[in-house]
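Take the sequence shown: its position 28, counting from 1, is numbered 148 in our numbering, and each next residue is one higher. In this text, a Cβ means the ideal position worked out from N, Cα and C, and glycines have one as well. Fair warning: this is a prediction, and the values are worked out from it, not measured in the lab.
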Amino acid sequence: MSSQNIRIFPEKLNLRVAPQRTEWYLGRMEIETTFVCVFCFQVNNTLVDGSGGRTQEYTEDCQVCCRPNVLHVTVDSSLEEASVEASAP
Ligand SMILES: [Zn+2]
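This is the structure:
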């Protein structure tokens, strides 16, 4: 995790971020993780498809303010953890 938002808002993250966990679902590896919205700074839960590649980039709307965040996803070599950095489109 190297997002600048995490350093800026440690108090929110300490309260809200749950440990990452991995679930197998219908043959796909879904990694539950979080990102911090670049617009409203709320923590969003998101599912990363671990079978989609070690690095992924896609747009997901914030669950709070509905504005689009571009997510830069890096899947760990164990395929059990993923780190997500959000940026503005
Ligand atoms: Zn937002």
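In the displayed model, serine 197 falls within coil according to three-state DSSP, outside both helix and strand.
Rounded to whole angstroms, the Cβ separation of valine 156 and valine 195 is 19 Å, and the two are not in contact under 8 Å. Distance from the C-beta of phenylalanine 159 to the nearest heavy atom of ligand 1 is below 6 Å. Scanning Ala206, Leu191, Gly170, Glu180 for the CA closest to the CA of serine 198 turns up Gly170. Within the same chain, Val168, Gln176, Ala202, Val204 come within 6 Å of valine 193 by CB-CB distance, once the 5 residues on both sides are set aside.
Ligand 1 never approaches valine 204 closely enough for any of its heavy atoms to be under 6 Å from the residue's Cβ.
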